[in-house]
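Trainee: I'd like to ask some things about the structure below.
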Ligand SMILES: Cc1cc2nc3c(=O)[nH]c(=O)nc-3n(C[C@H](O)[C@H](O)[C@H](O)COP(=O)(O)O)c2cc1C
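In our numbering, the protein residues as written are 6 to 209.
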């Protein structure tokens, strides 16, 4: 089954490595993951005073995430942490209080860096915020993509054949299965509840 995936890239750079990784993932699962990149560079900084009359960019972003079946974060690490632009997007989507568009959305995180530890610090800061926001977060495979450079991609901007592409392919398959498991489980629980309610009515 095909699922709508909102991809949020934590880099605004035109030639972002993380954007290229995201683009490659979109290609890898073809019909099974219907991916859209959600832009975050135009989101005004989150300010609670604006909740009663939100900027149109916040509304657009919230609607795009709300329409998705799952969220994939692809992000660099800035100074061993989450880039500010991505944290701002998470904050915008999480509010107003009680109306978070991230609530219950299955998610996965990929961090890519030319450095050796593949954005480990950023990956776990994103994870921390998402767990708080009640997003079922895929645990495995973890994706700290180290030693990623422009040379990791072909002229079309997709990952070249090799271990990096192999790992990302495994991740794309696992993420599809994760999103499917969460959605199917919820559907079965809802059917069980409806069945139980019907049974109770008949015995009343
Ligand atoms: C402000 C800033 C801080 C950075 N801090 C880190 C870091 O903590 N760890 C790391 O691996 N790379 C760090 N880098 C290097 C980035 O990994 C590198 O620029 C990468 O290409 C950014 O991702 P992008 O290509 O998707 O834009 C930093 C880069 C910038 C601009």
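Where a beta carbon is used, it is the ideal one built from N, C-alpha and C, also for glycine.
None of these values were measured; they are calculated from a predicted model.
Identify every run of the alpha helix (DSSP H) within the segment 122-165, keeping only runs that are complete inside it and at least 4 residues long; order them along the chain.
Mentor: Listed in chain order, the complete alpha helix (DSSP H) runs (minimum 4 residues) inside the segment 122-165 are 125-137.
Trainee: Output needed for residue 60: all residues of its chain with C-beta closer than 6 Å, excluding positions within five of it in sequence on either side, in chain order.
Mentor: Taken in chain order, the residues that qualify are 49.
Trainee: Between residue 82 and ligand 1, is the CB less than 7 Å from at least one heavy atom?
Mentor: Yes, since a heavy atom of ligand 1 falls inside the 7 Å radius drawn around the Cβ of residue 82.
Trainee: For residue 9, write down the residues that DSSP places opposite it in a beta bridge.
Mentor: Answer by DSSP bridge pairing, in chain order: 39.
Trainee: Answer yes or no: do residue 8 and residue 38 have a C-beta to C-beta separation smaller than 8 Å?
Mentor: Going by C-beta atoms, residue 8 is nearer than 8 Å to residue 38.
Trainee: Nearest-angstrom Cα distance between residue 139 and residue 150?
Mentor: Those two C-alpha atoms are separated by around 25 Å.
Trainee: Can you confirm whether the segment 73-83 touches the segment 119-127 when touching is taken to mean that 3 or more C-beta pairs between the two stretches lie within less than 8 Å?
Mentor: Cβ pair count under 8 Å is three or more, so yes.
Trainee: Is residue 204 helix, strand or coil by DSSP?
Mentor: Helix.
Trainee: When you compare the segment 55-71 with the segment 185-195, are there three or more beta-carbon pairs, one atom per stretch, that lie closer than 8 Å?
Mentor: The segment 55-71, when compared against the segment 185-195, does not touch it at the 8 Å Cβ threshold.
Trainee: In the DSSP assignment, find the beta strand (DSSP E) that holds residue 89 and state where it starts and stops.
Mentor: Careful: residue 89 lies outside any beta strand (DSSP E), inside the alpha helix (DSSP H) at 89-99.
Trainee: Take residue 104 as the anchor and find which of 15, 188, 68 and 42 has the nearest alpha-carbon.
Mentor: Among 15, 188, 68 and 42, the Cα nearest to that of residue 104 is on 68.
Trainee: Go through its chain and collect everything with a Cβ distance to residue 177's Cβ below 8 Å, but skip five positions before and after it.
Mentor: Closer than 8 Å at the Cβ level, and outside the excluded window around residue 177, lie 30, 33, 34 and 38.
Trainee: When the Cα atoms are used, what is the spatial distance from residue 179 to residue 18?
Mentor: If you take the alpha carbons of residue 179 and residue 18, they lie about 28 Å apart.
Trainee: Quick check: is any heavy atom of ligand 1 less than 7 Å from the C-beta of residue 124?
Mentor: Yes - ligand 1 has a heavy atom lying nearer than 7 Å to the Cβ of residue 124.
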